[in-house]
Amino acid sequence: MACAAALKTPLVSRNEILTILPGPLEEKELEQRLLNTDSAAIIKVGRTCLKFGESFGT
1028 MACAAALKTP LVSRNEILTI LPGPLEEKEL EQRLLNTDSA AIIKVGRTCL
1078 KFGESFGT
């Protein structure tokens, strides 16, 4: 979020929805919430970052 502020660029515009998600969230829950939002920021990633590759299909 600080990057967007530094660039003076909004994270979302008009009616878009920004969802803030905790990294330790269960994988299925995280995947479902990512599918149902326009933009997302995942915080507190830490040791859970390995599961994100699967959620993002990489």
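Here the sequence shown is numbered in the working numbering, starting from 1028 and rising by one per residue.
Glycine residues also receive a C-beta, built at the ideal position from the N, C-alpha and C atoms.
Predicted model, so just to flag it, every value in this text is computed and none were measured.
Name the two residues that bound the continuous beta strand (DSSP E) containing residue i.
| i | result |
| --- | --- |
| leucine 1057 | Leucine 1057 -> not in any beta strand (DSSP E); alpha helix (DSSP H) instead, spanning 1054-1062. |
| serine 1040 | Serine 1040 -> no beta strand (DSSP E), and no H or E assigned at all. |
Name the two residues that bound the continuous alpha helix (DSSP H) containing residue i.
| i | result |
| --- | --- |
| leucine 1045 | Careful: leucine 1045 lies outside any alpha helix (DSSP H), inside the beta strand (DSSP E) at 1045-1049. |
| leucine 1034 | 1029-1034 |
Would you say residue i and residue j are within 7 angstroms of each other, going by their C-beta atoms?
| i | j | result |
| --- | --- | --- |
| leucine 1048 | alanine 1067 | yes |
| leucine 1045 | leucine 1034 | no |
Quick one, which of the options has its alpha-carbon nearest residue i's?
| i | options | result |
| --- | --- | --- |
| arginine 1074 | Ala1029, Leu1057, Gly1050, Thr1046 | Gly1050 |
Which residues in the same chain as residue i place their Cβ atom closer than 6 angstroms to its Cβ, once the five residues preceding and following it in sequence are excluded?
| i | result |
| --- | --- |
| isoleucine 1069 | Leu1048, Gly1050 |
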